[in-house]
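Note that numbering that gives the first Met the number 0 has the sequence shown beginning at 0, numbered continuously upward.
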Amino acid sequence: MLRWFKTELHVHTCLSPCADILMSPRKIVGEVLRQQISIIAITDHNSADNVSAVMRAAANAGIVVLPGMEVCTREEVHVLAIFENSASALALQSCVYDRLNGTNDPEVFGLQVVANEMDQVERFEERLLIGATDLSIEETVARIHELGGLAIAAHIDREGFGIIGQLGFIPETLKLDALEVSSNTSDESAATKFGMYEKYTFIRNSDAHFLNQIGKNSTRFLLAEPSLAEIRKALQKQDGRTVQASIS
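Set out below in structure tokens:
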């Protein structure tokens with residue numbers, strides 16, 4: 000039987016230097032429960048090091064946590080990578096780290112906190128996570144797919160770090176699984192501005208950097224179970240699965 004799942008596939012933790020320090024594993028899980036969200040993806044900038052902690056924090060909460068990452072490509076385009084398991088996310092992280100330069104200055108960019116499931120600080124990441132990698136957008140999408148993940152263009156309506164703002168268009172040959180629209184763009188405006196990309200499925204996420212942003216922009220998925228395989232089917236409108244993101 001298919002049923003609707005409220006889903007939030009773009010959530011940052013305190014590992015992202017631009018996120019609030021209160022975006023810790025247990026606090027995120029608590030807010031997700033308050034917002035009655037069933038599925039979340041943890042998508043920190045260029046890293047998956049807090050994914051496992053959030054998964055452990057949510058272990059008995061009835062929430063599905065999908066491992067993910069928000070990769071900043073060479074072109075400074077943000078791409079969401081969503082996986083079924085943390086091993087795949089960490090494999091992408093290894094690839095990203097090999098192509099990521101720079102050292103974080105906490106006073107300039109913010110702290111990059113690796114936490115455990117009890118919200119205790121394990122360490123501070125020294126790499127500068129918000130910089131662009133030396134991976135092209137084509138390489139990034141291909142690697143995500145090689146690892147069995149979904150590749151979603153993040154906040155395409157934003158000038159900064161959105162694929163259209165950075166490239167001017169979405170390349171025909173780029174095999175994206177979905178396009179994300181932020182809360183800054185209304186349904187009507189999105190339909191007008193992005194009508195030429197109707198072959199893609201549109202979704203909405205909060206891109207939460209603060210606890211009070213979680214669930215402010217979400218997507219409902221009609222699924223048989225809360226899994227990446229089912230989300231993939233919904234994005235492709237297969238076997239009765241579908242998506243409701245108010246984009247028409």
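Where is the CB? At the ideal position from N, CA and C, for every residue including glycine. It should be emphasised that the depicted structure is a prediction, and the values quoted were computed from it without experimental measurement.
Hey, how far is the Cα of residue i from the Cα of residue j?
i      : j      : result
Glu137 : Glu145 : 12 Å
Asn183 : Val28  : 25 Å
Phe108 : Asp238 : 45 Å
Ser92  : Ala86  : First, the residue type needs correcting, since residue 92 is Gln and not Ser in the sequence shown. Answer to the nearest angstrom: the Cα atoms are 10 Å apart.
Ala150 : Ser181 : 17 Å
Asn166 : Arg142 : Contrary to the premise, residue 166 reads as Leu rather than Asn in this sequence. One C-alpha to the other measures close to 20 Å.
Glu171 : Thr102 : 35 Å
Thr12  : Asn211 : 13 Å
Val53  : Tyr96  : 21 Å
Lys236 : Ala57  : 29 Å
Excluding five sequence neighbours on each side, which residues of the same chain lie with their C-beta closer than 6 Å to the C-beta of residue i?
i      : result
Leu221 : Leu1, Trp3, Arg240, Thr241
Arg55  : Glu116
Ile62  : Val31
Glu158 : Gly164
His44  : Ser15, Glu69, Leu128, Ile129
Ile40  : Looking at the sequence itself, residue 40 is Ala, so the reference to Ile does not match. So the list reads Leu8, Leu65, Gly67, Ile81, once near-sequence residues are dropped.
Can you tell which of the options has the C-alpha that lies nearest to the C-alpha of residue i?
i      : options                        : result
Ile155 : Arg25, Leu175, Thr139, Arg142  : Leu175
Thr139 : Cys94, Ile163, Ile169          : Cys94
Asn216 : Lys232, Asn45, Val31, Arg122   : Val31
Val10  : Thr42, Arg73, Leu166           : Thr42
Leu21  : Asn59, Asp118, Arg126          : Asp118
Lys192 : Asp206, Phe209, Lys236, Gly164 : Gly164
Ile81  : Phe209, His208, Glu179, Ala223 : Glu179
Ile162 : Gln34, Ile39, His77, Arg203    : His77
Arg203 : Ala223, Leu234, Ala131         : Leu234
Ala88  : Thr12, Asp104, Gly147          : Gly147
Ala207 : Gly194, Ala223, Ala153         : Ala153
State yes or no: is the C-beta of residue i nearer than 7 Å to some heavy atom of the ligand ZN?
i      : result
Ser205 : Of ligands this structure carries none, so the ligand ZN is not represented either.
Beta-carbon separation of residue i and residue j under 8 Å?
i      : j      : result
Ala47  : Pro66  : yes
Ser37  : Thr6   : yes
Glu116 : Pro24  : yes
Ala114 : Glu121 : yes
Tyr255 : Ala177 : This structure gives no information on residue 255, because the portion of the chain shown stretches from 0 to 247.
Our contact map puts residue i next to residue j with C-beta atoms below 8 Å; I'd like the distance itself, whole angstroms only.
i      : j      : result
Gln111 : Leu128 : 6 Å
Phe160 : Glu75  : 6 Å
Thr72  : Leu173 : Wrong, their Cβ atoms sit about 11 Å apart, outside the cutoff.
Can you list, in chain order, the residues of its chain with a C-beta nearer than 8 Å to that of residue i? Leave out the 5 residues immediately preceding and following it.
i      : result
Arg334 : The first residue shown for the chain is 0 and the last is 247, placing residue 334 beyond what the model contains.
Ser272 : Lying before the first or after the last residue shown, residue 272 is absent from the chain, which here runs from 0 to 247.
Phe209 : Ala18, Asp19, Leu21, Met22
Glu229 : Phe220, Leu222, Ala223, Arg240
Lys232 : Leu222, Asp238, Arg240
If you drop the 5 nearest sequence neighbours on each side, which residues of the same chain put their C-beta closer than 7 Å to that of residue i?
i      : result
Gly248 : As displayed, the chain neither begins before 0 nor continues past 247, which places residue 248 out of reach and without an answer.
Ile246 : Caution applies to Ile246, whose pLDDT of 49 falls short of 50 and renders its modelled position unreliable; the value that the coordinates give is listed next. So the qualifying residues of the chain are Val180, Asp186, Ala189, Ala190, Phe201.
Ala60  : Val28, Leu32
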